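Mind the numbering: the sequence shown is residues 1003 to 1147 in this note's numbering, read in order.
Step one of this worksheet: look at the structure below.
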Amino acid sequence: MIKLKFAVPILLLAVLVLVGAGCGGDGVTPEAPTSDVAGQDISDIPRYPGSVRIHYGPVSMDPDVIVIVYLTSESVDTVADFYETQLPANGWESLLDAETMEEFGLTYRYVGQGLLKEGRQTIVLVRASEDYSGYTDINITVGPE
């Protein structure tokens, strides 16, 4: 049986990202960042061309699990299609099908849920950014299987 070690923390994270992103604020849309925050890309998960890394860090519940968030002006579908092609081409085996959902007025697409490779697991969530109007967030979570 395949264990999805960080499925529950990731689902909690996804809910926090989807619900928490819109909390607070003064109604003014900030300018999208143009330079990366500190962190690193994952060599076998291609970075979407032209994207900006806006978050990098461990999940508080499990420091072995890293979350990276990128931002791009491309559409959710364009970005998700890129990852649906690139992840298998880079050796990631998908356990679950991609899924598109609309919640809270946002469109988001799970490109890979439980993708496995060499003892690691990743989940990729592509969604319309709630913080930057007209932009797409790419949430990549990687950790041990």
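Ideal Cβ placement from N, Cα and C applies to all residues, glycine included.
Quick caveat: nothing in here was measured; it's all calculated off a predicted structure.
Span of the alpha helix (DSSP H) around residue i
{"i": "Tyr1085", "result": "1078-1091"}
Host beta strand (DSSP E) of residue i (start-end)
{"i": "Val1039", "result": "Element bounds for Val1039: n/a, residue is neither H nor E."}
{"i": "Ala1130", "result": "1122-1130"}
{"i": "Tyr1050", "result": "Run containing Tyr1050: none; DSSP gives neither H nor E here."}
{"i": "Gly1145", "result": "1138-1146"}
{"i": "Tyr1072", "result": "1064-1074"}
Buried or exposed (CB count within 10 angstroms, at least 16 for buried), residue i
{"i": "Gly1145", "result": "buried"}
{"i": "Ile1142", "result": "buried"}
{"i": "Glu1132", "result": "buried"}
{"i": "Asp1066", "result": "exposed"}
{"i": "Gly1026", "result": "Model confidence at Gly1026 stands at a pLDDT of 44, short of 50, so the residue's coordinates are unreliable; what they give is reported in the following sentence. Exposed is the call here."}
{"i": "Ser1053", "result": "buried"}
{"i": "Ala1040", "result": "exposed"}
{"i": "Ala1091", "result": "exposed"}
{"i": "Thr1036", "result": "exposed"}
{"i": "Thr1080", "result": "exposed"}
{"i": "Phe1106", "result": "Per-residue confidence for Phe1106 stands at a pLDDT of 49, beneath the threshold of 50, marking its modelled position as unreliable; the derived number appears in the next sentence. Flag for Phe1106 reads exposed."}
Pick from the options that is closest to residue i, judged by C-alpha positions
{"i": "Leu1127", "options": "Trp1094, Tyr1072, Pro1060, Ser1053", "result": "Tyr1072"}
{"i": "Trp1094", "options": "Ser1135, Gln1123, His1057", "result": "Gln1123"}
{"i": "Ala1034", "options": "Gln1088, Phe1084, Ser1075", "result": "Ser1075"}
{"i": "Ser1045", "options": "Ser1135, Gln1088, Ser1096, Ala1130", "result": "Gln1088"}
{"i": "Ala1082", "options": "His1057, Gly1136, Arg1129", "result": "Arg1129"}
Inter-residue CB distance, residue i and residue j (contact presumed, cutoff 8 Å)
{"i": "Val1061", "j": "Val1069", "result": "6 Å"}
{"i": "Tyr1050", "j": "Phe1084", "result": "6 Å"}
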